[in-house]
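Using my numbering, the first residue of the sequence shown is number 706, and each one after it goes up by one. Below: one structure, written as structure tokens.
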Amino acid sequence: MRALVGCRVWPPSWDDSSLESFKPEFYITRPSHSCRNFYIPIPLILAGIFTSPSLSFLQEFLHPHPSHSCRNFYIPIPPISTGVLHHPSLSFLYELLHPPSPGAFTTASIPQRHPVYMERPTETTEKVWDTWQKLVKHAGKLKILGSLNTSEVKQGKDASEVLLAVQTVPRRQIYKLFLHDVLSHSGPAVVLLCAIAAGQTRIANLKTIDRTQLSNLIRSKLDAINHPVIGRLAKECQIPSSVDDIPLPAVDSQSNKRSKKRARSLETANLGPEIEESGQRVDNNATLRGINGVFNKYICDAIRRVTDQDEVKAAVTMILPLWGGPVDCFVSLDICENEVEKLSMALFKAKVRWAEHTLRLEREGIVVSIPSSEATIGGVLDGDILEVFGPVVHTAITENPVRKRELEEGKLATECVSMGFIKNGAILNLSLGLERGLEIWKELYT
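Pasting the structure below:
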């Protein structure tokens, strides 16, 4: 009889606390008569993390007969190796026992986890698949624990607030549109997962096509992450149960007039066919020539460079909504990490630095520690806007209806400029008026 081959799952001493960092790996060891069993850990199957179709019969056995005292399935090797035990679900184990060359490591016959988690569709980008894996991982954890920690509760309630309130900051707009789509097609449990596992920063940083891919991927593999336990947690975070529970924003006669004016202006601008289903135009990655024509050199040098279709561009996102609302158009600038301190001081007169996962912000002698990876500050004076961004952007912000209302109320510092801090840099958000905003769009993207 052929020498026996053992299969082990690392780490061998499995416990529930290892769930987040667990990365199952299969090893084919050298032939050894001392190895008599395959060891398949029960917690992984119960959690839905290790869900190979070949092991479905084990999962079906476990759920009606759960046992916390037993940590592994022990499947004897000799009957499989000799063909005595030949259950169809164990065929992959038989293949493991007959590698191409005795003792050699091979991956050809190693059983893979369920395609929901392991097999990336060819049309899905790496960023989308990485985000999907985070959703699956957190779904498995929440199904076991049945509770949220303090940070997760905060993220869940923030998602609820984003959905229920009117958003004027560009990145919050993008985040709301995505969560609204997820709620509409996949339900509140998945909204909670997106808030915890992905968050506003990751979602807003995805390209429009990537967000669409992620939403479609979630719909096609919904059963892998949707669970009643997570639905209960979403309810505790006050996430709406459906889009019908989200109130429509109030519309006054003035906003109706501006909405009609916006529609006429956008038609005249000839924006082309790239209008999203959500009713907005989103453009990513401006030309270097364009940013030099819009911004001061100071800010041009601070914007992160990206490669788009073999061309170096600037990481600038511009959104042109088509519906009525308080703000006409938005611009987001992805700022390099080494420029963040200088810009935060120039715009907000604030010193910022990260201490592990906490942002320390010092402003006007007051030090605030923010335990979040998505801290945002706002409030910039006209003179600082002019100095940092230049006259083109300053004029566009001044013409924004929100800024006009701020000036009528006597507010010197505007919230039309805000800065969101992330670990590897920052995102500067600008709210612009319609007419100048369209001129800036043409300069940046045409």
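The C-beta atom is built at its ideal place from N, Cα and C for all residues, glycine as well. Computed from a predicted model, the values in this text were never measured in an experiment.
From the listed residues L922, L882, A1055, E1144, the smallest Cα separation to K832 is found for L922. Counting C-beta atoms within 10 angstroms of its own C-beta, L953 has fewer than 16 neighbours from the protein chains shown and is therefore classed as exposed. Counting the other Cβ atoms within 10 Å of the Cβ of S946 gives fewer than 16, which makes it exposed. Going by C-alpha positions, L1038 is about 23 Å away from L1117. Contact annotation: I1102 and V1122 have beta-carbon atoms nearer than 8 Å.
The beta strand (DSSP E) runs lying completely inside the region 837-865 and spanning 3 residues or more number zero. Around the beta carbon of S925, a 10 Å sphere encloses fewer than 16 other beta carbons of the protein chains shown; the residue is thus reported as exposed.
Approximately 6 Å separates the beta-carbon atoms of L1066 and A1055; this is inside 8 Å, confirming the contact.
Counting the other Cβ atoms within 10 Å of the Cβ of I1024 gives 16 or more, which makes it buried. With respect to T1081, S1074 sits apart: the two C-beta atoms are not nearer than 8 Å. Between the beta-carbon of K881 and that of L868 there is about 6 Å, and that keeps the pair under the 8 Å contact cut. With at least 16 other beta carbons inside 10 angstroms of its own, V887 counts as buried.
For the 8 Å CB-CB criterion, N1134 and R876 form a contact. Setting aside the 5 residues that flank it on each side, A1007 is surrounded in the same chain by I1040, C1041, E1044, L1048, each with a C-beta closer than 7 Å to its C-beta; the list follows chain order. In the displayed model, D1039 falls within a strand according to three-state DSSP. In its chain, beyond the 5 residues on either side, no residue has a beta carbon closer than 8 Å to the beta carbon of I1071. When DSSP reads this structure, L1135 sits in a beta bridge with V1036, V1122.
The DSSP assignment places 913-925, 933-941 as complete runs of the alpha helix (DSSP H) inside the region 905-965, in order along the chain (cut-off: 4 residues). Remark: C-beta atoms of L840 and A900 do not approach each other more closely than 8 Å.
Between E1148 and E1104, the C-beta spacing is not below 8 Å. Straight across, the Cα-Cα distance linking K1109 with V948 is about 33 Å.
As for any beta strand (DSSP E) of minimum length 3 sitting wholly inside the region 984-1024, the runs are 985-991, 1010-1013, ordered along the chain. Where A1060 is concerned, the enclosing beta strand (DSSP E) starts and stops at 1055-1060.
If the five residues before and after H843 are omitted, its C-beta is found closer than 8 Å to the C-beta atoms of L898, I901, A902, all from its own chain and listed in chain order. Ranking I944, I996, R1058, T1100 by CA distance to the CA of S889 puts I944 first. A Cβ-Cβ distance of about 7 Å is found for the pair G995 and Y1150, placing them in contact under the 8 Å criterion. Per DSSP, reduced to three states, the secondary structure at G1130 is strand. If you draw a 10 Å sphere on the C-beta of Q1014, you find fewer than 16 other C-beta atoms in it, and that means exposed. Considering only Q918, R1068, V1098, the residue with the shortest C-alpha distance to C1034 is V1098. Considering only S920, V871, I1090, A991, the residue with the shortest C-alpha distance to V895 is S920.
The beta carbons of L993 and V1017 sit about 7 Å from each other, so the pair counts as a contact at 8 Å. Counting every other CB atom within 10 Å of its CB across the protein chains shown gives P893 a total of 16 or more, marking it as buried. Secondary structure at V1045: helix, using DSSP grouped into helix, strand and coil.
For K940, the CB contacts under 8 Å within the same chain, skipping 5 residues up- and downstream, are P893, S946 in chain order. Its Cα nearest to that of I1127, the residue N910 stands out among L938, L1091, I1090, N910. One alpha carbon belongs to Q918, the other to E828, and they sit about 8 Å apart.
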